[in-house]
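Each residue of the sequence shown is one higher than the last, beginning at 1 in this note's numbering. The block underneath contains the structure these notes are about, expressed in structure tokens.
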Amino acid sequence: MAKDKLLNATVGPQLRTARERVGFTQAALGDLAGLSQQHVAALESGATIPTVATLCRLADALGATWGYTGEQIVFRGPTFGLRVPRRPAAGKTTR
1 MAKDKLLNAT VGPQLRTARE RVGFTQAALG DLAGLSQQHV AALESGATIP TVATLCRLAD
61 ALGATWGYTG EQIVFRGPTF GLRVPRRPAA GKTTR
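This is how it looks when you write it as structure tokens:
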């Protein structure tokens, strides 16, 4: 139980910082991760403990990875940005 409270206290600020760094609203992050704005808000406030699947979806939407240091969950990556597949220029094909 104490570990759950520790995770709640650390994941919320980490998630909020990562979300704000890329300039997403809670609603936008939720849309990209397949979550409601209310769920994102609950995660950021520490009211909800994220599952591993939820952390993976959030990290993917943020263009980041996540890890557990033994004390806290952290989002990290070379850039916090949405991964958008590249499209070929008009008239060009890809192999």
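Heads up, the beta-carbon is just placed ideally off N, CA and C, and yes, glycines get one too.
Going by alpha carbons, who is nearest to Arg68 out of Arg57, Asp60, Val52 and Gly23? In the sequence shown, counting from the first residue as 1, residue 68 sits at position 68. With the sequence shown as reference, residue 68 is identified as Tyr, and Arg is not the correct amino acid for it. The shortest C-alpha separation from Tyr68 is found at Val52.
For Gly46, name the three-state secondary structure that DSSP assigns. Within the sequence shown, numbered from 1, the residue matching residue 46 stands at position 46. DSSP places Gly46 in coil when its eight states are reduced to three.
How should Ala47 be labelled, buried or exposed, when 16 other C-beta atoms within 10 angstroms of its C-beta is the threshold for buried? Within the sequence shown, the letter at position 47 stands for residue 47. Flag for Ala47 reads exposed.
Can you say whether Glu20 is buried or exposed, counting buried as having 16 or more other CB atoms within 10 angstroms of its CB? Taking the first residue of the sequence shown as position 1, residue 20 is located at position 20. Per the 10 Å Cβ criterion, exposed.
Collapsed DSSP secondary structure at Thr17 in the structure displayed: Within the sequence shown, residue 17 is the residue found at index 17, counting from 1. Helix, per DSSP.
Three-state secondary structure (DSSP) at Gly67? As a working mapping, residue 67 is identified with position 67 in the sequence shown. Correct three-state label for Gly67: strand.
Candidates Ala61, Val74 and Ser45: closest to Gly23 by CA position: The residue given as residue 23 occupies position 23 in the sequence shown. The residue with the shortest Cα to Cα distance from Gly23 is Ala61.
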